[in-house]
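Asks: As numbered in UniProt numbering, residues 1 to 565 make up the first sequence, in order.
Built from N, CA and C at the ideal position, the CB exists for glycine as well.
First the structure, then my questions, so here it is.
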Amino acid sequence: MAASWADEMGEVVKPASAPSRPTRPSYVPPARRNKPLSADAREYCPLSSAGPDFIPSSRSHRARGRDPNPFEIVETFSELGVSDGGGINFDAYDDIPVETSGADVPLPVNTFAEIDLGDALNENIKRCKYVKPTPVQRYAIPISLAGRDLMACAQTGSGKTAAFCFPIISGIIRHCGLRQRPARKARIANPVALILSPTRELSSQIHDEVKKFSYLTGIKVAVAYGGAPMYQQLRDLEKGVDILVATPGRLVDLIERARVALQEIKYLALDEADRMLDMGFEPQIRKIVEQLGMPPPGMRQTMLFSATFPSEIQRLASDFLSNYIFLAVGRVGSSTDLISQRVEYVRDVDKRSHLMDLLHAQRANGIYSKQALILVFVETKRGADSLENWLCVNGFPATAIHGDRTQPEREQALRSFKSGATPIMVATDVAARGLDIPHVGHVINFDLPKDIDDYVHRIGRTGRAGKPGLATAFFSDVNQPLAKSLSELMQEANQEVPDWLLSCAQRSSYGGGKSRRAGGGRFGGHDYRRSHSYSGGSSSGASYQPQPAQGYSFGNASIIATGWD
DNA sequence: AAAAAAG
């Protein structure tokens with residue numbers, strides 16, 4: 001138990017400088033730079049005869065001008081002896097509700113072996129120690145491999161990234177090998193796959209994942225996001241890019257500078273797709289997808305993933321899709337039974353002292369010594385700075401991340417949090433979505449969000465890949481409008497709802513407050529086409545054809561933890 | 001009302 005940071009909390013803790021670990025190889029030898037993509041991936045997978053456990057050192061590969069080995073990156077927290085490995089730890093679920101709709105839905109698979117992803121990718125799946133596909137992967141991968149557009153709704157931490165990456169990588173190996181590759185540095189990068197995400201850190205994380213999945217396949221992966229110097233990203237782009245991971249702002253910039261072109265895009269994936277299409281982002285996304293040369297729906301394959309998918313956003317999204325399949329896996333949003341949700345009534349003026357009580361209690365209990373990280377969400381950037389400062393002054397090892405910090409500061413904060421150097425991180429919604437931070441045992445909503453979907457994503461930073469997690473919310477008077485949707489969400493997740501919250505929800509039921517999705521019920525989302533039968537005509541002209549018999553199914557999926565979103 | 005993303 002001595003491993004808990006809290007054991008040392010009485011002492012004055014100076015902000016520890018986190019041990020920096022290499023996150024990204026920076027140098028690629030000249031011999032590697034313009035290597036053309038082979039039609040046959042096996043050429044790049046000389047290990048297929050070696051055992052799955054054999055991983056060559058990056059040193060020897062660098063020496064031979066190969067990909068640096070992304071599997072060698074030493075994860076943090078190794079001193080605690082936590083073996084993440086496959087992270088298989090699911091007993092809680094027997095029935096995962098699954099909804100699919102759309103025409104001719106391909107059948108799900110039960111194992112990776114059933115799917116013909118190709119030798120190179122299969123080896124990387126083994127290297128990642130993924131044993132079985134997660135429920136969303138079981139359904140989404142066959143759908144994508146069949147070439148279908150997809151709108152997928154699956155719990156946080158359930159393996160969405162791999163679900164859209166595997167078909168892309170497999171498809172590029174299979175179908176794009178004959179593509180003429182530039183023999184020399186090309187000024188304009190022409191990726192065949194584009195993966196967009198709403199924050200820089202999430203794009204960076206996806207980039208790291210994609211590199212693992214495409215190791216030794218010959219596929220070139222690059223990342224582009226703002227806040228970082230342009231030159232390194234440009235250098236990477238000049239080497240040729242098959243899969244580009246990006247945030248919208250920097251991507252538009254690169255396109256307008258004629259350093260990236262979208263004419264050859266065959267695969268488009270939007271992670272956190274509902275966020276990408278909300279008010280703030282939608283114009284940019286529409287520009288990228290519709291006005292900058294990308295092939296139209298039908299000429300490309302489009303995949304949208306999120307844990308939440310309000311039907312207004314689904315309607316917007318259908319513009320980007322052609323004859324798509326809707327997939328919903330798991331219960332409402334994130335709330336797996338793995339996350340224990342608590343709500344406490346706390347007046348705004350009492351929040352800080354209440355937080356301190358909570359932090360002290362966590363020390364006293366000695367629980368979560370291996371799930372020691374605490375993520376505290378606040379509403380504003382200023383609030384994040386001020387709470388971080390207050391925590392530090394009071395001897396708590398805290399850091400903070402928000403959009404007014406410089407990108408190096410943001411990345412440093414995340415590293416320092418992940419490593420456990422500062423096991424408390426105060427964050428705005430910049431950290432609410434998609435980030436996979438192992439060992440987050442406790443998410444505290446110091447300020448609750450206005451939108452219940454944001455709550456779902458925030459608490460989804462814990463309870464990932466089969467690990468349990470705790471989520472505590474400080475509910476104050478200003479959160480009245482959230483009472484109804486919050487209590488409904490908690491009930492659907494089999495959580496105990498305090499009486500005061502129920503009556504609060506009762507009182508505000510006729511007023512504002514976004515109720516849970518139309519159709520309600522047990523699913524994280526419903527195909528909006530079901531409730532708006534004929535209003536969904538999109539530019540592609542594809543219309544929804546109800547096919548209840550084959551189009552709608554309940555799966556009996558046993559979760560085995562593997563990759564995450 | 002706020003957050004994010006371009007600089």
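1. Are the beta-carbon atoms belonging to Leu244 and Pro191 less than 7 angstroms from one another?
2. Using beta-carbon positions only, say whether His457 and Thr428 come within less than 7 angstroms of one another.
3. Is any heavy atom in the ligand FMN found nearer than 6 angstroms to the beta carbon of Arg464?
4. How close, in whole Å, do the beta carbons of Gly469 and Val440 come, if the pair is a contact with beta carbons under 8 angstroms?
5. Please classify Leu277 as buried or exposed, where buried requires at least 16 neighbouring CB atoms within 10 angstroms.
6. Could you name the residues of the same chain whose beta carbon sits closer than 6 angstroms to that of Thr199, not counting the 5 residues immediately before and after it, in chain order?
7. Leaving out five residues before and five after Glu282 in sequence, what residues of the same chain have Cβ atoms less than 7 angstroms from its Cβ?
8. Taking contact to mean 3 or more Cβ pairs, one atom from each stretch, closer than 8 angstroms, check whether the region 297-316 and the region 497-511 are in contact.
9. In terms of DSSP beta bridges, what is Ile125 paired with?
10. Could you give the distance in angstroms between the alpha-carbon of Phe446 and the alpha-carbon of Leu482?
11. Could you tell me which of Cys392, Met151, Gln291 sits nearest to Arg163, measuring between CA atoms?
12. At the level of alpha carbons, what is the spacing between Glu379 and Pro449?
13. Go ahead and label Met279 buried or exposed: buried means 16 or more other beta carbons lie within 10 angstroms of its beta carbon, across all protein chains shown.
14. Quick test of your reading: Arg461 and Val478, contact by CB under 8 angstroms. State the CB separation rounded to the nearest angstrom.
15. Given 8 angstroms as the limit, is there contact between the region 193-207 and the region 228-244, that is, 3 or more CB pairs closer than that?
16. Identify, in the order they occur along the chain, each residue of the same chain with its Cβ nearer than 6 angstroms to the Cβ of Met294, setting aside the five sequence neighbours on each side.
17. Beta carbon of Cys392, beta carbon of Ala398: below 7 angstroms?
18. If the criterion is Cβ atoms closer than 7 angstroms, does the pair Leu327 and Tyr139 meet it?
19. At what residues does the beta strand (DSSP E) containing Tyr267 begin and finish?
20. So, helix, strand or coil for Gln491, using DSSP?
21. Using C-beta distances below 8 angstroms, list every residue in its chain close to Thr111, excluding the 5 sequence neighbours before and after it, in chain order.
22. Alpha carbon to alpha carbon, how far is Gln412 from Ile172? Give it in angstroms, no decimals.
23. Would you report the Cα separation of Arg415 and Ser531, rounded to the nearest angstrom?
24. Hey, how far is the Cα of Asp274 from the Cα of Leu435?
25. Out of Phe71, Leu117, Ala154, state which residue places its alpha-carbon closest to the alpha-carbon of residue 596.
26. For Val349, name the three-state secondary structure that DSSP assigns.
27. Considering only the alpha carbon of each residue, which of Leu216, Glu99, Ala186, Ile141 lies closest to Glu123?
28. Near Arg148, what residues of its chain come up, given a Cβ to Cβ distance below 6 angstroms and the 5 sequence neighbours on each side ignored?
29. Beta strand (DSSP E) containing Thr302: first to last residue?
30. DSSP three-state call for Arg235: helix, strand or coil?
31. Taking 7 angstroms as the limit between beta carbons, can you name the residues of its chain near Gln480, skipping five residues before and five after?
32. Tell me which residues share the same chain as Val260 and place their Cβ nearer than 6 angstroms to its Cβ, disregarding the 5 neighbours each side in the sequence.
33. Checking 7 angstroms against the spacing of the C-beta atoms, do Ala222 and Leu251 come in under that value?
34. Entirely within the region 371-426 and at least 3 residues each: give me those beta strand (DSSP E) ranges in chain order.
35. Looking only at C-alpha atoms, which of Ser340, Leu387, Asn323 sits nearest to Arg352?
36. Ends of the alpha helix (DSSP H) at Phe213?
Replies: On the basis of the data shown:
1. Yes.
2. Cβ distance not < 7 angstroms, so His457 and Thr428 don't count as in contact.
3. Judged by which ligands are present, the structure shown has none, so any question about the ligand FMN falls away.
4. Contact holds; Cβ gap of about 7 angstroms.
5. Buried, by the Cβ-count rule.
6. Once the five neighbours on either side are set aside, the close Cβ partners of Thr199 are Val430.
7. Non-local C-beta neighbours of Glu282 in its own chain, meaning closer than 7 angstroms and more than five positions away in sequence, comprise Leu316, ordered along the chain.
8. Short answer: they don't touch.
9. When DSSP reads this structure, Ile125 sits in no beta bridge, so it has no partner.
10. Their Cα atoms are separated by approximately 14 angstroms.
11. Inspection of the sequence shows that residue 163 is occupied by Ala rather than by Arg. Minimum Cα distance to Ala163 is reached at Met151.
12. One C-alpha to the other measures close to 7 angstroms.
13. If you draw a 10 Å sphere on the C-beta of Met279, you find fewer than 16 other C-beta atoms in it, and that means exposed.
14. Going by Cβ atoms, the distance from Arg461 to Val478 rounds to 23 angstroms, so no, they are not a contact pair.
15. Contact between the region 193-207 and the region 228-244 is established, with three or more Cβ pairs separated by less than 8 angstroms.
16. Same-chain partners within the cutoff: Leu262, Ile265.
17. Yes, they are a contact pair.
18. Taking the C-beta atoms as reference points, Tyr139 is found nearer than 7 angstroms to Leu327.
19. Counting along the chain, Tyr267 sits inside the beta strand (DSSP E) bounded by residues 267-271.
20. If DSSP states are grouped into helix, strand and coil, Gln491 belongs with the helices.
21. The beta carbon of Thr111 sits closer than 8 angstroms to those of Lys132, Pro133, all from its chain and outside the five residues before and after it, given in chain order.
22. Their Cα atoms are separated by approximately 34 angstroms.
23. Between the C-alpha atoms of Arg415 and Ser531 there is a straight-line separation of about 44 angstroms.
24. Between Asp274 and Leu435, the C-alpha separation is close to 16 angstroms.
25. Only positions 1 to 565 of the chain appear in the structure, and residue 596 is not among them; the question remains open.
26. In this structure, Val349 counts as helix in the three-state DSSP scheme.
27. Nearest C-alpha to Glu123: Leu216.
28. For Arg148, where only same-chain residues beyond five positions count, the Cβ hits under 6 angstroms are Ile325.
29. From DSSP, the beta strand (DSSP E) with Thr302 extends over 301-306.
30. Under the three-state reduction of DSSP, Arg235 is assigned to helix.
31. Around Gln480: Cys504, Ser508.
32. The answer, listed in chain order, is Ala189, Leu254.
33. Taking 7 angstroms as the Cβ cut-off, Ala222 and Leu251 do not qualify as a contacting pair.
34. The qualifying runs are 373-377, 398-401.
35. Arg352 has its Cα closest to that of Leu387, out of Ser340, Leu387, Asn323.
36. First-last of the alpha helix (DSSP H) with Phe213: 200-213.
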